[in-house]
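**Student:**
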Amino acid sequence: MVVLNHFHKQYILLALLAISLKSLPAFAGNLPLFNPQNFTNKNYQFYSKAELFAANDPFSIKELFNDLQGDLHAKSGENLALAFARVDIGFSDDTWGYFGYAYRQEVAISASEDMVKLLYNAKNDIDFETSKVYNLSMEIDGFESHGLVVANSFELYKKNGWKFSAGFGLEFLYARQMQDGYILGDATAISEYDYDFSASSYYRYTENYLYDLDVEKSQAYGYTSHISLLLEDDTFSFLLLVNDLSGKLYWDDVPYSYVEMSSDNKSYDENGYVTYSPTISGIERAENYTQSLMRKWRFEGGVSFEKSAIYIGSEYVCNTYLPYITYKKIFTDAFKMDFSYETRFKSFGTNIIYKNYTIGLKCNDLFEPSAVGLSLSTYF
Numbered sequence: 212m213v214v215l216n217h218f219h220k221q222y223i224l225l226a227l228l229a230i231s232l233k234s235l236p237a238f239a240g241n242l243p244l245f246n247p248q249n250f251t252n253k254n255y256q257f258y259s260k261a262e263l264f265a266a267n268d269p270f271s272i273k274e275l276f277n278d279l280q281g282d283l284h285a286k287s288g289e290n291l292a293l294a295f296a297r298v299d300i301g302f303s304d305d306t307w308g309y310f311g312y313a314y315r316q317e318v319a320i321s322a323s324e325d326m327v328k329l330l331y332n333a334k335n336d337i338d339f340e341t342s343k344v345y346n347l348s349m350e351i352d353g354f355e356s357h358g359l360v361v362a363n364s365f366e367l368y369k370k371n372g373w374k375f376s377a378g379f380g381l382e383f384l385y386a387r388q389m390q391d392g393y394i395l396g397d398a399t400a401i402s403e404y405d406y407d408f409s410a411s412s413y414y415r416y417t418e419n420y421l422y423d424l425d426v427e428k429s430q431a432y433g434y435t436s437h438i439s440l441l442l443e444d445d446t447f448s449f450l451l452l453v454n455d456l457s458g459k460l461y462w463d464d465v466p467y468s469y470v471e472m473s474s475d476n477k478s479y480d481e482n483g484y485v486t487y488s489p490t491i492s493g494i495e496r497a498e499n500y501t502q503s504l505m506r507k508w509r510f511e512g513g514v515s516f517e518k519s520a521i522y523i524g525s526e527y528v529c530n531t532y533l534p535y536i537t538y539k540k541i542f543t544d545a546f547k548m549d550f551s552y553e554t555r556f557k558s559f560g561t562n563i564i565y566k567n568y569t570i571g572l573k574c575n576d577l578f579e580p581s582a583v584g585l586s587l588s589t590y591f
């Protein structure tokens, strides 16, 4: 169960380090997606961009870094945790398109409400509800990669003021970090201080966060593709963007485990609450494995005015919609700002654009946010 806390913290830390790099116009949505048409603008030759979006339902970012000390705001049903980071550095040629380097980290975790509550109560020595049966379920999917990117865009139709264009991108990937698996089980509170549990896990990993286990390093090569379709005139625009339309990582001898865990091995802390070193039995092996990358969608419609524009859209990842609305204001040719609101995690954001530089910030609370977004970019 510690994987929900530990793995999400690790990705936020590493992604924040990536953001410190010098980094196209900032995000209109939430996720750090690659839009081939942005990177093949014929007016610019060099691009550098870094973005992060990290959000979760049950805990604030502060609580994640403080061993879950604080308030719990678990959702009824499935609780989601997302952490996506992307850094792009490259150049564009008028004929051949864009060539660049990309660094990516992505993780998505979904957990049942019962699992989140049990984890929180156990971490904070909060009494359990005697005789309550907790449904334990969690899925995780993530990777870290370096890649080479090629992209180009083409105008396919132009008539009566309307233009239809398409962009295509292809990434060649190298990865050394991954997580892919699930936990299913149940726990029964036998007193205010104690519970019994049993669970099964099918889990592929390059580092085991469920229990201590040293494993050989693994690596993967792969590819992925991106596509964008844009229909626009002087007033209206309609965008469809798909990242990782067909993405695969081919892992060489990646460790996996199929194990049963139980609460046979118990001890108690100084306050009388149960602690565990779970009894584990099952299979530990390594095998070649093909990991499919999470497909990410963005649908967006916009209307432009003389000195402003409004965009309404949504992103879709992990069976979850992330709707948003963005208002852009043009103050001068050199200075622009936009303001956005995302409804899934209820986060507000702003981007400040000065000449060829952009900085963006997004959060859902000034003091204890559970969703944050950062963006830095430059192009010339």
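Sequential numbering of the sequence shown, starting at 212, is according to our numbering. From the three backbone atoms N, C-alpha and C, an ideal C-beta is built for every residue, glycine too. As the structure is a computational prediction, the values presented were derived from the model and not from experiment.
When you compare the CB positions of V470 and T417, do they come within less than 8 Å of one another, or not?
**Tutor:** no
**Student:** Hey, would you say S448 sits closer than 8 Å to L440, going by beta carbons?
**Tutor:** no
**Student:** Please state the DSSP three-state secondary structure of N241.
**Tutor:** coil
**Student:** Between the C-alpha atoms of S234 and L587, what's the straight-line distance to the nearest angstrom?
**Tutor:** Bear in mind that the predicted position of S234 carries a pLDDT of just 33, short of 50, making it too unreliable to give a figure here.
**Student:** With three or more C-beta pairs closer than 8 Å as the rule, is the region 564-580 touching the region 534-548?
**Tutor:** yes
**Student:** Once DSSP output is grouped into helix, strand and coil, what is the label at F365?
**Tutor:** strand
**Student:** Give a yes or no on whether the minimum CB-CB distance between S259 and chain D is below 8 Å.
**Tutor:** You won't find chain D in this structure, because it holds only one protein chain.
**Student:** Does N335 pass the burial test, meaning 16 or more other C-beta atoms within 10 Å, or should it be called exposed?
**Tutor:** exposed
**Student:** Quick check on the DSSP output: the alpha helix (DSSP H) that includes M326 runs from which residue to which?
**Tutor:** 324-335
**Student:** With a threshold of 7 Å on Cβ separation, who are the neighbours of R496 within its own chain once the five nearest residues in sequence on each side are excluded?
**Tutor:** Y467
**Student:** Below 7 Å, is the gap between the Cβ of D352 and the nearest heavy atom of the ligand FAD?
**Tutor:** Among the ligands in the structure shown, none appear at all, so the ligand FAD cannot be discussed.
**Student:** In terms of residue numbering, what span does the alpha helix (DSSP H) encompassing K573 cover?
**Tutor:** From DSSP, K573 is part of no alpha helix (DSSP H) but of the beta strand (DSSP E) over 568-574.
**Student:** Quick one: what's got a C-beta closer than 6 Å to L504's C-beta in the same chain, skipping five residues either side?
**Tutor:** T435, D455, G458
**Student:** Where does N249 fall in DSSP's three states?
**Tutor:** helix
**Student:** Note down, in chain order, each residue of its chain lying with its Cβ closer than 7 Å to the Cβ of E324, except the 5 sequence neighbours on either side.
**Tutor:** A285, K286, S287, G288, N290
**Student:** Buried or exposed: where does A575 fall if 16 or more other Cβ atoms within 10 Å of its Cβ makes it buried?
**Tutor:** One detail in the question is off: residue 575 reads as Asn in this sequence, not Ala. Looking at its Cβ environment, which holds 16 or more other Cβ atoms inside 10 Å, N575 is buried.
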